[in-house]
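Scroll down for the structure; my scribbles are underneath it.
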Amino acid sequence: MKLTLRRYSLWALFMVVAAGNGQAAQTRPLPDLQIQVVLSPSARQTLVQGKEGITVAADWYGEPNARHQSDADESGQIDMGRSELNLPSEGGTARFTPAAINSKRLGWLKEGLRVNINVYSARRHWPDNILNCEMADGPVAGLARKPVTLRCSLISELAG
1 MKLTLRRYSL
11 WALFMVVAAG
21 NGQAAQTRPL
31 PDLQIQVVLS
41 PSARQTLVQG
51 KEGITVAADW
61 YGEPNARHQS
71 DADESGQIDM
81 GRSELNLPSE
91 GGTARFTPAA
101 INSKRLGWLK
111 EGLRVNINVY
121 SARRHWPDNI
131 LNCEMADGPV
141 AGLARKPVTL
151 RCSLISELAG
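So in the numbering used here, spot 146 of the sequence shown is number 146, and the numbers just go up one at a time.
Rendered as structure tokens:
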């Protein structure tokens, strides 16, 4: 009886260690992501005069592995969470930490974690977004290597 119990205990220990090794690659510490928002002179002046802020939104996602295809959303991705940070009218740098990421789902991803970054006016003064900003989308590991600069102008500047 003891021999059988030990054999099962060793087998269970082996399975836990093997599963842990598979997860280790998926759950290594994720880097912070820095997004620098640079405004055109007109955008900066308009935001300052209107006492309007800037919102930087990060949508975390990834492609599902074979086991979690059924957990994908309507776009075929695994939703890993959303973060929003507010910046002052002058712009600046938004620093996203991995805290908002649903880390329990990291093992569901076929490849690494990805992020989509969008920037828009905070809609405190004007009811609609007034900014036309660049966006960023890609693997977190690549985007986190150095600060990402996104430039913004007023939507009205495009017409002029």
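The C-beta atom is built at its ideal place from N, Cα and C for all residues, glycine as well.
Continuous beta strand (DSSP E) stretch holding residue i: start and end
| i | result |
| --- | --- |
| Pro139 | 136-139 |
| Ala57 | 54-62 |
| Ser121 | 114-121 |
| Ile78 | 78-87 |
| Arg151 | 148-154 |
Terminal residues of the alpha helix (DSSP H) in which residue i lies
| i | result |
| --- | --- |
| Thr97 | Unbroken run through Thr97: none, as it is neither H nor E. |
| Ala161 | This structure leaves residue 161 out entirely; the chain is present only between 1 and 160. |
Close beta carbons around residue i, own chain, < 8 Å, minus the five adjacent residues each side
| i | result |
| --- | --- |
| Ala100 | Ala58, Trp60, Gly81, Arg82, Ser83 |
| Leu154 | Ser40, Ser42, Ala43, Thr46, Ile130, Leu131, Asn132 |
| Lys51 | Ser89, Arg124, His125 |
Residue i classed as buried or exposed, judged by whether at least 16 other C-beta atoms fall within 10 angstroms
| i | result |
| --- | --- |
| Thr27 | Because the pLDDT at Thr27 is just 46, under 50, the model does not fix this residue reliably, and the point stays unresolved. |
| Gly142 | exposed |
| Val148 | buried |
| Thr4 | Low confidence applies here, because Thr4 scores a pLDDT of 45, under 50, leaving its location unreliable and the question unanswered by this model. |
| Gly62 | buried |
| Arg105 | buried |
| Pro64 | buried |
| Gly76 | exposed |
Own chain, CB closer than 6 Å to residue i, minus 5 neighbours either side, in chain order
| i | result |
| --- | --- |
| His68 | Trp108 |
| Asn116 | Asp59, Asp137 |
Distance CB(residue i)-CB(residue j) smaller than 8 Å
| i | j | result |
| --- | --- | --- |
| Gln34 | Thr93 | yes |
| Val48 | Ser89 | yes |
Residues near residue i by beta carbon distance below 7 Å, same chain, minus five either side
| i | result |
| --- | --- |
| Ala72 | Pro64, Ile78 |
At least three beta-carbon pairs within less than 8 Å, the segment 48-59 to the segment 112-122: yes
Meets three-Cβ-pair contact criterion under 8 Å: the segment 125-136 and the segment 98-114: At 8 Å Cβ cutoff, the stretches do not touch.
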